[in-house]
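First up is the structure itself, then whatever we jot down about it.
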Amino acid sequence: MKLAFCFNIKNTDPSKNLTAQKEADFDSPFIINSIAEALVSGSHEVTKIEADNQAYFSFYKNKKNLDLVFNIAECFRGEPREAQIPNILEMLNIPFTHSGSLTHSISLDKTLTKIVLSYYGILTPKYRLIKNINQLSDKDLNYPLIVKPNSEGSSIGIFNENLVYSRLNLLERVKWLQHQFKQSVLIEEFIDGREFTVSVLGNNPPKVLPIVEQNFEIFSENMPRFASYETKWFFEDNLPDATKAYHCPAPLTKNLQKKIEVISLKVFSILNCKDVIRIDYRMDKNENIFLLEVNTLPGLNPKLNEVSYLPIAARTTGFSFEGLVNTILNEAVVRYGLLPKKKVYHVLKNYWPQKYLTLQ
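Reading the sequence shown from the start, the letters are residues 1 to 360 in full-length UniProt numbering.
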């Protein structure tokens, strides 16, 4: 097949400098080349298109020569920026991987995600959306609270000091985040307990990959127990052994594992997700599962010595990196009816480990 591969390339290293953080969602040249090579390994012809201000014209010019776009583009500006490339492709009627523009728009807005999923009975931490600092209210919220930019991914803007224990600290962090990010700020109750991330792969039916748990046991005493920007980009990436950062599969009872899997499949369906997503949860002492956010463009880092949760879950299932990438691709191929399902799955059986076939 003739594919376009759409991405944003990262030109800066991780930093607390806010200018550098704008690229935290993007992918390194190594990751981009690894994904392109994985697509080529599936006997596809691949054209790279960066998601810059020329992307529309590139797609328009190549429209007749493209069967499908493998899209991991985060884009630069606007709160629903992850929806920008899907919007273009929908307008041009070009098939693409991952979810549609509406799903991306909802999931990148943490508050909107809460509103939609709460309607269907999915638990999320109690929260307040702050648009104007003069309307700041912590009424009916129990401290400690965690403060987040409402429309960012990759833990951007979620620093260790964002865990606050008083109204004074809360006011300081909300002011700072609104000034720096020029967007609404989400404050929510901090759920003290375990943290999980869950990858869902496929469409008909979607399957839950092995659950990953953040390993707080290796944190120093002064580190807050959540996936802050510092944890994700400095602590985990500098571990001598990256596998110490997590447990996969997470040590769970069968009932608790099933509970998380059922919630994850329900979220996938409610938000009309496609091909692959990743969901973050916290669990309290009573084993209540609280959804934090939904990532509709989960990272695809093939490096074994770095922490990238979707590839970790896939490797635990038995996938090679090439197998994971080509499964995401071919789930979209089947979804659009570009090739007969039997023919596609005949190819995919070479990528699918036996354990994946037995997942519910």
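Note that the Cβ used here is the ideal one computed from N, Cα and C, for glycine as well.
Among the candidates the options, whose CA atom is the shortest distance from the CA of residue i?
{"i": "F319", "options": "I289, F190 and L357", "result": "L357"}
{"i": "K175", "options": "T197, N132, I72 and E221", "result": "N132"}
{"i": "N203", "options": "K274, L297, E306 and L291", "result": "K274"}
{"i": "N11", "options": "E195, F226, E322 and E50", "result": "E50"}
{"i": "S308", "options": "N8, I31 and A4", "result": "I31"}
{"i": "P240", "options": "F226, Q257 and I218", "result": "I218"}
{"i": "G78", "options": "I72, Y60 and H104", "result": "H104"}
{"i": "V198", "options": "I289, A73 and V116", "result": "I289"}
{"i": "A314", "options": "L338, L359, K285 and G337", "result": "L359"}
{"i": "Y229", "options": "K63, H98, I156 and I312", "result": "I156"}
{"i": "V208", "options": "M283, V276 and S99", "result": "V276"}
{"i": "E306", "options": "P205, P251 and S28", "result": "S28"}
Need the endpoints of the beta strand (DSSP E) that residue i sits in, please.
{"i": "I187", "result": "V185 to E189"}
{"i": "A314", "result": "Segment Y309 to T317 is the alpha helix (DSSP H) holding A314; no beta strand (DSSP E) there."}
{"i": "L68", "result": "L68 to N71"}
{"i": "Q214", "result": "V212 to Q214"}
{"i": "T358", "result": "Counting along the chain, T358 falls outside any beta strand (DSSP E), though it belongs to the alpha helix (DSSP H) covering Q354 to T358."}
{"i": "I130", "result": "Y127 to I130"}
{"i": "T197", "result": "R194 to L201"}
{"i": "L3", "result": "K2 to F7"}
Which same chain residues, not among the five before or five after residue i, have their C-beta less than 6 Å away from its C-beta?
{"i": "Y56", "result": "I88"}
{"i": "residue 406", "result": "Residue numbering for the chain in the displayed model covers 1 to 360; residue 406 lies beyond these limits and cannot be assessed."}
{"i": "V334", "result": "K341 and V344"}
{"i": "E293", "result": "K110 and D280"}
Would you kindly report the start and end of the unbroken alpha helix (DSSP H) that includes residue i?
{"i": "S41", "result": "P29 to S41"}
{"i": "R335", "result": "F321 to R335"}
{"i": "I115", "result": "K110 to Y119"}
{"i": "K343", "result": "K341 to L348"}
If contacts are defined as beta-carbon pairs under 8 Å, then residue i and residue j qualify, I think. What distance do you get, rounded to the angstrom?
{"i": "residue 363", "j": "C6", "result": "An answer regarding residue 363 cannot be provided, because it is not within the stretch 1 to 360 covered by the chain."}
{"i": "V200", "j": "S264", "result": "6 Å"}
{"i": "I122", "j": "L271", "result": "With 8 Å as the limit, I122 and L271 do not qualify as a contact, their Cβ atoms being about 10 Å apart."}
{"i": "K126", "j": "L136", "result": "At roughly 16 Å, the Cβ-Cβ gap does not stay under 8 Å, so K126 and L136 are not in contact."}
{"i": "I146", "j": "F181", "result": "Not confirmed; about 15 Å, so no contact."}
{"i": "L92", "j": "F59", "result": "6 Å"}
{"i": "E195", "j": "F235", "result": "Their Cβ separation, rounded to whole angstroms, is 14 Å, which puts E195 and F235 out of contact at 8 Å."}
{"i": "residue 369", "j": "T47", "result": "Here the chain has residues from 1 to 360 only, and residue 369 is not among them."}
Which same chain residues end up closer than 7 Å to residue i when comparing Cβ atoms and leaving out the 5 residues on each side of it in sequence?
{"i": "K2", "result": "E45, N65, L66 and D67"}
{"i": "S101", "result": "A83, P86, N87 and E90"}
{"i": "Q183", "result": "E79, P149, N150 and S151"}
{"i": "Y165", "result": "Y143 and P144"}
{"i": "P311", "result": "L300, N301, P302, F321 and L324"}
{"i": "L112", "result": "I106"}
With a threshold of 8 Å on Cβ separation, who are the neighbours of residue i within its own chain once the five nearest residues in sequence on each side are excluded?
{"i": "P353", "result": "T317, G318, F319 and G323"}
{"i": "N215", "result": "K244, A245, Y246 and H247"}
{"i": "P224", "result": "N160 and L163"}
{"i": "C74", "result": "Reading off the sequence, residue 74 comes out as Glu, not Cys. Result list for E74: N8, D25, F26, A51, R81, E82, G153 and L297, in chain order."}
{"i": "L39", "result": "L3, F5, V46, F70, V325, N326 and L329"}
{"i": "K285", "result": "D192 and G193"}
key: Uninterrupted alpha helix (DSSP H) stretches inside the stretch 144-186 (no shorter than 4 residues)   = 167-181
Every unbroken beta strand (DSSP E) inside the stretch 227-312 [3 residues or more] = For the stretch 227-312, the full-length beta strand (DSSP E) segments reaching 3 residues or more read 276-283 and 289-295 along the chain.
message = At 4 residues or longer, what runs of the alpha helix (DSSP H) sit wholly inside the stretch 49-98?
response = 55-62 and 84-92
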